[in-house]
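2 protein chains.
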Amino acid sequence: MKAKTPYHHGDLKEALLAAAESVLDDSGLHGFTLRESARRAGVSHAAPKHHFGDVRGLLTEVAARGFQQLTRRLKTKLRAAGDDLDAQFVATAEAYVGFAEAHPEHFRIMFRSDLVDMQSPSLMSAALATFTEMTNVIRRQRGEPEIGAESLDACMTSAQLINDILIGWSHIHGYAHLKLEGQLAMIPKAAQKDMLATAGRRLARLVRS
Amino acid sequence: MKAKTPYHHGDLKEALLAAAESVLDDSGLHGFTLRESARRAGVSHAAPKHHFGDVRGLLTEVAARGFQQLTRRLKTKLRAAGDDLDAQFVATAEAYVGFAEAHPEHFRIMFRSDLVDMQSPSLMSAALATFTEMTNVIRRQRGEPEIGAESLDACMTSAQLINDILIGWSHIHGYAHLKLEGQLAMIPKAAQKDMLATAGRRLARLVRS
DNA sequence: CTCTAAACTTGACATCGACAAGATAAAATG
DNA sequence: CATTTTATCTTGTCGATGTCAAGTTTAGAG
Numbered sequence: 343m344k345a346k347t348p349y350h351h352g353d354l355k356e357a358l359l360a361a362a363e364s365v366l367d368d369s370g371l372h373g374f375t376l377r378e379s380a381r382r383a384g385v386s387h388a389a390p391k392h393h394f395g396d397v398r399g400l401l402t403e404v405a406a407r408g409f410q411q412l413t414r415r416l417k418t419k420l421r422a423a424g425d426d427l428d429a430q431f432v433a434t435a436e437a438y439v440g441f442a443e444a445h446p447e448h449f450r451i452m453f454r455s456d457l458v459d460m461q462s463p464s465l466m467s468a469a470l471a472t473f474t475e476m477t478n479v480i481r482r483q484r485g486e487p488e489i490g491a492e493s494l495d496a497c498m499t500s501a502q503l504i505n506d507i508l509i510g511w512s513h514i515h516g517y518a519h520l521k522l523e524g525q526l527a528m529i530p531k532a533a534q535k536d537m538l539a540t541a542g543r544r545l546a547r548l549v550r551s
Numbered sequence: 343m344k345a346k347t348p349y350h351h352g353d354l355k356e357a358l359l360a361a362a363e364s365v366l367d368d369s370g371l372h373g374f375t376l377r378e379s380a381r382r383a384g385v386s387h388a389a390p391k392h393h394f395g396d397v398r399g400l401l402t403e404v405a406a407r408g409f410q411q412l413t414r415r416l417k418t419k420l421r422a423a424g425d426d427l428d429a430q431f432v433a434t435a436e437a438y439v440g441f442a443e444a445h446p447e448h449f450r451i452m453f454r455s456d457l458v459d460m461q462s463p464s465l466m467s468a469a470l471a472t473f474t475e476m477t478n479v480i481r482r483q484r485g486e487p488e489i490g491a492e493s494l495d496a497c498m499t500s501a502q503l504i505n506d507i508l509i510g511w512s513h514i515h516g517y518a519h520l521k522l523e524g525q526l527a528m529i530p531k532a533a534q535k536d537m538l539a540t541a542g543r544r545l546a547r548l549v550r551s
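Sequences listed follow chains A and B, in order.
Read in the working numbering, the first sequence has 494 at position 152, and its numbers run on one by one without any break.
Read in the working numbering, the second sequence has 445 at position 103, and its numbers run on one by one without any break.
Now the structure itself:
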């Protein structure tokens, strides 16, 4: 009977995060509520307060986990891409867009500064990890050694590097976002087919030039 | 006394849209409610139903008006830019990013397929007008004649054209969105300064190549 | 002038996020 | 081991929201 419904959940924080993600998958951001998340975790409607404060706190952690997933995806794809420079760009784009398509609601929340506390340490460090991964793609392109997240700030002095990062990231993010929000409807599906590959090659050429 | 509070508002639809936009400017998407919009328009809480159905209907019209504003901004900036190709790209980027910064909440809503009915005729035609404006920038780059919104579909056959549009639009949109959502915090402000101009030139070169 | 349909109001309901106060159990303390 | 503290979770409540149903007012057609 103790195993049935112990007063103390044990790992409620984790359970609530998982529940929140399942709500998002099922009902989207629109159907997402604190109370529904609590319901799925099998606790009372006010239980989340102790762990996350308010709905913003919960969503912030959800967003952080999104960046962690994205980072993992990037690492996997990049490892598979090998040393080819074009392939690295394509892999980055595929990982990014792939994540957005696989977890649209999750992706949305990661870029909603009105819903989430972008200053939160856990969110910032998760986002920084993703950013570092993409920065290293550019650095490899430029024949520079990879860096860790801790020394990112120090590298943000080269105007050329920053420009390349911004061009690459903006493009990939923009494409992912436009596609996710149904803005590419007027463009024939067939043309979007190898869009990622073509864009990857062109971006690579741009950065190399 | 009749002029004070006539039972029939006269142009409630317009008044509600204006009220909704003022709510968004003041309190953001988070503070936006149907009832508050009705309050500011001076009508009862259920009045919007007759004109917009539900909150989604209202936001859809708000989004459509956003695209109309963006189109106007693009036209103005492009006219000022003259015939120089680089300048046209820079102008497009400035208009786009400028709008996002001037009306962040409005901009957000335009790309929220979960909040808005992207199939709505008025929204679709407004978005199409914006898209046409940007397509014509590319077409001028390529020395092709400008087209109207009605003949857009017919032009979406050239893979090269589509690719150029996607690269340009994705980049500008991605940059605007990332900046709006505070994701460029780790990049020094100084470096972002002439980001738009540099990117414009590089994109122009890319499209020309 | 009458009547009908559009435009708006009033009232109600379920649900939400947040808060306060209480209950329970784990952990620290003695 | 006994006790006290503290973290964790529950119950109850509040104002506010979106939506619906039913009633009220007015414009405009016939």
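Every residue, glycine too, gets a C-beta built ideally from N, C-alpha and C.
Computed from a predicted model, the values in this text were never measured in an experiment.
From the beta carbon of residue i, is the nearest beta carbon of chain A less than 9 Å away?
i         : result
B:Gln-534 : yes
B:Arg-377 : no
B:His-513 : yes
B:Asp-428 : no
B:Phe-431 : no
B:Ala-469 : yes
B:Phe-453 : yes
B:Ala-546 : no
B:Ala-345 : Confidence at B:Ala-345 is low in this model, with a pLDDT of 37, below 50, so the placement of that residue should be treated as unreliable; the coordinate-derived value is given next. Closer than 9 Å: no.
B:Ala-541 : yes
B:Met-528 : yes
B:Glu-447 : yes
B:Ala-422 : no
B:Ala-501 : yes
B:Met-476 : no
B:Phe-441 : no
B:Asp-425 : no
B:Leu-412 : no
B:Leu-457 : yes
B:Arg-416 : For the record, residue 416 of chain B in the displayed sequence is Leu; it is not Arg. Chain A contact via Cβ: absent.
B:Gly-485 : no
B:Leu-494 : yes
Just checking my contact of residue i with residue j at CB under 8 Å: how many whole Å lie between their CB atoms?
i         : j         : result
A:Ala-518 : A:Ala-468 : Not confirmed; about 18 Å, so no contact.
A:Leu-555 : A:Ala-491 : Look at the range of chain A in this structure, 343 to 551, and you will see that residue 555 of chain A is not part of it.
A:Ser-455 : B:Gly-524 : 5 Å
B:Met-528 : A:Leu-494 : 7 Å
A:Arg-544 : B:Ile-509 : 7 Å
A:Ser-512 : B:His-513 : 5 Å
A:Val-404 : A:Arg-382 : The pair is not a contact, with the Cβ atoms about 14 Å apart (cut-off 8 Å).
A:Ala-541 : A:Ala-435 : 7 Å
Can a CB atom of chain B be found closer than 9 Å to the CB of residue i?
i         : result
A:His-519 : yes
A:Asn-505 : yes
A:His-372 : yes
A:Leu-354 : no
A:Ile-489 : no
A:Met-498 : yes
A:Glu-363 : no
A:Arg-450 : yes
A:Glu-523 : yes
A:Leu-508 : yes
A:Gly-399 : no
A:Asp-396 : no
A:Met-460 : yes
A:Asp-367 : no
A:Gly-384 : no
A:Gly-408 : no
A:Ser-551 : yes
Quick one: is the Cβ of residue i within less than 8 Å of any heavy atom of the ligand NAP?
i         : result
A:Ala-357 : Absent from the structure shown: the ligand NAP. Ligands present: none.
message: Measuring CB atoms only, is the region 430 to 448 of chain B touching the region 381 to 398 of chain B, in the sense that at least three cross pairs come out at less than 8 Å?
response: Three or more Cβ pairs closer than 8 Å define a contact, and the region 430 to 448 of chain B falls short of that threshold against the region 381 to 398 of chain B.
- prompt: Are there three or more Cβ pairs, one per stretch, closer than 8 Å when the region 430 to 444 of chain A is compared with the region 516 to 530 of chain A?
  reply: With a cut-off of 8 Å, the region 516 to 530 of chain A and the region 430 to 444 of chain A count as touching, because enough Cβ pairs lie within range.
Segment contact, 8 Å Cβ cut-off, at least three pairs: the region 502 to 509 of chain B with the region 470 to 489 of chain A: Not touching, per the Cβ criterion.
message: I'd like to know if the region 360 to 375 of chain B and the region 421 to 436 of chain B are in contact, where contact means that at least 3 CB-CB pairs between them fall below 8 Å.
response: Not touching, per the Cβ criterion.
- request: Taking only runs that begin and end inside the region 388 to 458 of chain A, name each unbroken alpha helix (DSSP H) of 4 or more residues, in chain order.
  value: You should have 390 to 394, 397 to 423, 427 to 444 and 446 to 452.
- prompt: Do the region 411 to 424 of chain A and the region 396 to 403 of chain A meet, that is, are 3 or more Cβ pairs less than 8 Å apart?
  reply: Contact between the region 411 to 424 of chain A and the region 396 to 403 of chain A is absent, because fewer than three Cβ pairs lie under 8 Å.
- prompt: Which whole runs of the beta strand (DSSP E) in the region 356 to 389 of chain B are 3 residues long or more, in chain order?
  reply: If one requires a minimum length of 3 residues, no beta strand (DSSP E) run lies completely within the region 356 to 389 of chain B.
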